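Before any comments, here is the structure.
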Amino acid sequence: MTSMTEAPAAIAQTDPEAAKVRCENIDVFYDDKQAIFDISMDIPARAVTAFIGPSGCGKSTFLRCINRMNDTIESARVEGRIVIDGENVNSEHVDPVLLRSQVGMVFQKPNPFPKSIFDNIAYGPRIHGLAQSKEELDEIVETSLTRAGLWEEVKDRLPSPGTGLSGGQQQRLCIARAIAVSPEVILMDEPCSALDPIATAKIEELIDELRERYCIVIITHSMQQAARVSQKTAFFHLGKLIEFGETETVFTNPSDDRTQDYITGRFG
Amino acid sequence: MTETVSTTRTERATRRLKQRYRAERRFKLYGQISIAIALGFLALLVVSIGSQAISAFSNHKVSFDLTLAPETVAPNGPGDTEAIAENVSGFYELVREDLLEAFPAASQSRALETELYGLVTRLATIPMARQTADNPGRLGETVTYRAVLSDDLDLYLKGAVMDEQRMRLSAVAAIDPLEASPAGATRFALTTEASLQQLITALEDAGAQDRGLSTLVQAGPAVAKLEDVTPGRLTAQLYAGRAEDFRGAVPTVRILGLPETERNMTDHQIAWTLSLKDQGRIQRGLNWALLTNADSTYPEIAGVLAAIVGSVFTMLVTASIAIPVGVGAAIYLEEFAPKSRLTGIIEVNINNLAAVPSIVFGLLGAAVFLNVFGFPRSAPLVGGLVLGLLTLPTIIIASRAALRAVPPSIRDAALGVGASRTQAVFHHVLPLAAPGILTGAIIGMARALGETAPLLLIGMVAFVAEVPAGPADEATALPVLVFKWSTGAERAWEPNTAAAIVVLLTFMVMMNAVAVLLRRRFERRW
Numbered sequence: 588m589t590s591m592t593e594a595p596a597a598i599a600q601t602d603p604e605a606a607k608v609r610c611e612n613i614d615v616f617y618d619d620k621q622a623i624f625d626i627s628m629d630i631p632a633r634a635v636t637a638f639i640g641p642s643g644c645g646k647s648t649f650l651r652c653i654n655r656m657n658d659t660i661e662s663a664r665v666e667g668r669i670v671i672d673g674e675n676v677n678s679e680h681v682d683p684v685l686l687r688s689q690v691g692m693v694f695q696k697p698n699p700f701p702k703s704i705f706d707n708i709a710y711g712p713r714i715h716g717l718a719q720s721k722e723e724l725d726e727i728v729e730t731s732l733t734r735a736g737l738w739e740e741v742k743d744r745l746p747s748p749g750t751g752l753s754g755g756q757q758q759r760l761c762i763a764r765a766i767a768v769s770p771e772v773i774l775m776d777e778p779c780s781a782l783d784p785i786a787t788a789k790i791e792e793l794i795d796e797l798r799e800r801y802c803i804v805i806i807t808h809s810m811q812q813a814a815r816v817s818q819k820t821a822f823f824h825l826g827k828l829i830e831f832g833e834t835e836t837v838f839t840n841p842s843d844d845r846t847q848d849y850i851t852g853r854f855g
Numbered sequence: 049m050t051e052t053v054s055t056t057r058t059e060r061a062t063r064r065l066k067q068r069y070r071a072e073r074r075f076k077l078y079g080q081i082s083i084a085i086a087l088g089f090l091a092l093l094v095v096s097i098g099s100q101a102i103s104a105f106s107n108h109k110v111s112f113d114l115t116l117a118p119e120t121v122a123p124n125g126p127g128d129t130e131a132i133a134e135n136v137s138g139f140y141e142l143v144r145e146d147l148l149e150a151f152p153a154a155s156q157s158r159a160l161e162t163e164l165y166g167l168v169t170r171l172a173t174i175p176m177a178r179q180t181a182d183n184p185g186r187l188g189e190t191v192t193y194r195a196v197l198s199d200d201l202d203l204y205l206k207g208a209v210m211d212e213q214r215m216r217l218s219a220v221a222a223i224d225p226l227e228a229s230p231a232g233a234t235r236f237a238l239t240t241e242a243s244l245q246q247l248i249t250a251l252e253d254a255g256a257q258d259r260g261l262s263t264l265v266q267a268g269p270a271v272a273k274l275e276d277v278t279p280g281r282l283t284a285q286l287y288a289g290r291a292e293d294f295r296g297a298v299p300t301v302r303i304l305g306l307p308e309t310e311r312n313m314t315d316h317q318i319a320w321t322l323s324l325k326d327q328g329r330i331q332r333g334l335n336w337a338l339l340t341n342a343d344s345t346y347p348e349i350a351g352v353l354a355a356i357v358g359s360v361f362t363m364l365v366t367a368s369i370a371i372p373v374g375v376g377a378a379i380y381l382e383e384f385a386p387k388s389r390l391t392g393i394i395e396v397n398i399n400n401l402a403a404v405p406s407i408v409f410g411l412l413g414a415a416v417f418l419n420v421f422g423f424p425r426s427a428p429l430v431g432g433l434v435l436g437l438l439t440l441p442t443i444i445i446a447s448r449a450a451l452r453a454v455p456p457s458i459r460d461a462a463l464g465v466g467a468s469r470t471q472a473v474f475h476h477v478l479p480l481a482a483p484g485i486l487t488g489a490i491i492g493m494a495r496a497l498g499e500t501a502p503l504l505l506i507g508m509v510a511f512v513a514e515v516p517a518g519p520a521d522e523a524t525a526l527p528v529l530v531f532k533w534s535t536g537a538e539r540a541w542e543p544n545t546a547a548a549i550v551v552l553l554t555f556m557v558m559m560n561a562v563a564v565l566l567r568r569r570f571e572r573r574w
């Protein structure tokens, strides 16, 4: 595993448009019911990709395939190949636990651990043994919080509980927690849906900054948000990928009528 | 048109609204009534047990000025203190001599002497033997020791045995000996300044003649039994003290509410007790023995200590079995087990197990732990194992509920940063569920503490006069002691039982308090 400092550099050298995550013919079933139908897409390395689509269209299910969080749902079954850095994450010998340290995740509702701010960030590095000493751990915590734009606000109260922060701060804490294990991909499942506009603006700003270093996939129900933060947009409908392309193109000149209807608010 | 419609709608709406408010008030009232009923019963329970138990927490003790003759008290010489401590017979000998000295008339017959010695049981001298052994310097000196009064006489002094009608006569005008021994008159007649008509009426009202009720006449330390009374004259048989004490005195008369044949103490014993009390030799004090003694066949010296220790050992075994197994099973079922038909069956059966009557667990314990494994009978080890099995389903169910109550977002968060399933459970889910698990475990344990039936079946009802030293020793438990004492024939077991119940309830309240405290403490972290 690459260390905290060199990981972003490695990504930074690659072509921003090169595919970081390559999905090939993904099908997902819940018991006998098929939720995702034959989706293939290349997610670029240093860009923000937005997933949009009506509720229940399979955005989350697809997103959770990328770090194998669907493994925790007993009835879920995933077929197809998802290749990250030349390795199929669905293959037998990939350890989902290790995979998740490379593919971080931020959830819809801010879910900090009921522990101190410091411990929230330090937990991941601790279990993966990323820090050899207390100083290194302190450094990781500071770097992560700084990158998440939270350091200035919390540096004086690291031992106080993370659950005591405001909703927006909690969500940035969760992003910092994801960053702390130096992932290459960050998946965000509607990270702003529980936040007020000001906190949302801060997160969006943050996402824009993080795009320099990470491959980010964000699910959102806000067309404006997708337009503001993403470079690529994928539109899902009824478990199928309808349209995937440059955000600008998708919003101004969609090739499919359903996309057009959705982004203009005619359904969904 | 529109207006009529709207009025009717409003009327109906108002009526419905009123109905709804009435229903709400009614429901609140039902709730308040049921709470009042519950509290009423609780108060009734506490008051009835408490009032009974209070009597057992104090008792009467007789003081003796004993000259500790080394030859009687220290059979192996003053050096062997162990022999002194165990020499209950020697001390009882001294107590008997002292009693006989106080009431020499009892020596006239063997039966009377036995009655006199019945004031204090032999085992009541154990404390004085131990105290002497601790202070061998007292040998040869005269020391004041106290010994517990026999249970029935103790209850008599507490007024718990029978109704007693008391009245004062007027001052004695003249006393006339009828029979005498070298020590003085033993039967006498006396006249009082006023007529004795009031006493005669009281005796007739009580039906003393027909029911064979005894009447005692007391003047200071002297107590006599009334034989006959006419308006001018009263004859009585002297039971304790000297007839001379009646001269010029104002005697008290007690009409005892039960005939001698219907109570466990004789007229003589009551007379002696009254006499000792008048001399200041009987005093009421706190009954520490109840908490510091082991069980005994004599209620006045029986205590709950052995049962408390037995219960503590039992609970230790129960906790060390039920909590790890129960919590482990709950974690596995809730967090790891695949949702299959088999786990469904297991789940249903755990719930079934919680509903199995406790006596069935006792049978299982007797069959498996005693017969197959050959564990010792009557031991807290087996009791704890049986109660552990009994508590297991409760703990599993409570723990699973506590685990389920932890928001899934915490699991997601842990898995999201790359924690394994086990790490997510032990680092995050379990600490959050701990207060709920602990509460469930302690409540389960409190239930086990009060369990009687299974312990009866594995022989923990044995009479245990020694405080157990370990979980493999013979022991009994508090609820079993309550059961055993409640079946005791003597009256004094009744307040003792209530006192044991108070001790048991105290333990339960303490455990519940600990549960609440732990929950508060852990919840603050979250």
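Chains A and B are the protein sequences, given in the same order.
Quick note on this note's numbering: the first sequence kicks off at 588 and runs consecutively.
Quick note on this note's numbering: the second sequence kicks off at 49 and runs consecutively.
Ideal Cβ positions, reconstructed from N, Cα and C, are used throughout, including at glycine.
Please read these numbers as outputs of a predicted model, since none were measured by experiment.
Asked	Found
Complete beta strand (DSSP E) runs within the region 794-829 of chain A (minimum length 3 residues, chain order)	802-806 and 819-824
Among B:517, B:460 and B:515, the one whose alpha carbon lies nearest that of residue 658 (chain A)	B:460
Beta-carbon gap between residue 779 (chain A) and residue 812 (chain A) smaller than 8 Å	yes
Buried versus exposed, by CB contacts within 10 Å (16 or more), residue 293 (chain B)	buried
Residues, ordered as in the chain, of the region 743-775 of chain A that lie near chain B by beta-carbon distance below 9 Å	748, 750, 761, 764, 765, 767, 768, 770 and 774
C-beta contact flag for residue 654 (chain A) and residue 687 (chain A) at 8 Å	yes
Proximal chain B residues relative to residue 659 (chain A), where beta-carbon distance stays under 7 Å	463
Alpha-carbon to alpha-carbon, residue 381 (chain B) and residue 388 (chain B)	11 Å
Minimum Cβ-Cβ distance from residue 704 (chain A) to chain B less than 8 Å	no
Integer Cβ distance of residue 652 (chain A) from residue 670 (chain A), believed to fall under 8 Å	Actually they do not touch by this definition, with Cβ atoms about 12 Å apart.
Min CB distance residue 827 (chain A) to chain B below 8 Å	no
For residue 273 (chain B), the first and last residue of its enclosing beta strand (DSSP E)	270-278
CB contact flag (residue 462 (chain B), residue 471 (chain B), <8 Å)	yes
Contacting positions in the region 710-730 of chain A - beta carbon closer than 7 Å to chain B	710, 711, 714 and 715
Alpha carbon of residue 837 (chain A) to alpha carbon of residue 647 (chain A), nearest angstrom	20 Å
Residue 846 (chain A) (DSSP reduced to helix, strand or coil)	helix
Straight-line gap, residue 268 (chain B) to residue 233 (chain B) (C-alpha atoms, nearest Å)	16 Å
Buried versus exposed call for residue 204 (chain B) [16 or more other C-beta atoms within 10 Å across all chains shown]	buried
8 Å Cβ cutoff met for residue 543 (chain B) and residue 100 (chain B)	yes
CB contact below 8 Å: residue 701 (chain A) versus chain B	yes
Cβ-based contacts, 9 Å cut-off: residues of the region 463-481 of chain B near chain A	463, 464, 465, 466, 467, 468, 469, 471, 475, 476, 479 and 480
Local conformation of residue 225 (chain B) per DSSP, three classes	strand
Minimum C-alpha distance to residue 406 (chain B) - residue among B:183, B:124 and B:436	B:436
Nearest residue (CA-CA) to residue 492 (chain B), options B:479, B:517 and B:439	B:439
Pairwise C-alpha distance: residue 605 (chain A) and residue 597 (chain A)	With a pLDDT of 45 at residue 597 (chain A), under the threshold of 50, the modelled position of this residue cannot be trusted; read the value that follows with caution. Computed Cα separation, rounded: 13 Å.
Beta-bridge partners of residue 215 (chain B), as assigned by DSSP	B:301
Proximity of residue 758 (chain A) and residue 797 (chain A) at Cβ, strictly below 8 Å	no
CB of residue 217 (chain B) within 8 Å of CB of residue 352 (chain B), strictly	no
For residue 831 (chain A), the residue or residues it bridges with in DSSP	A:821
Cutoff 8 Å: residue 386 (chain B) Cβ touching any chain A Cβ	yes
Buried or exposed by the 16-neighbour rule on C-beta atoms within 10 Å, applied to residue 632 (chain A)	buried
Alpha-carbon to alpha-carbon, residue 308 (chain B) and residue 201 (chain B)	13 Å
Chain B contact for residue 688 (chain A) (CB, 8 Å cutoff)	yes
Buried or exposed (CB count within 10 angstroms, at least 16 for buried), residue 845 (chain A)	buried
Under 7 Å from the C-beta of residue 457 (chain B): neighbouring residues of chain A	694, 696 and 698
Interface residues of the region 643-671 of chain A facing chain B [CB-CB below 8 Å]	654, 656, 659 and 661
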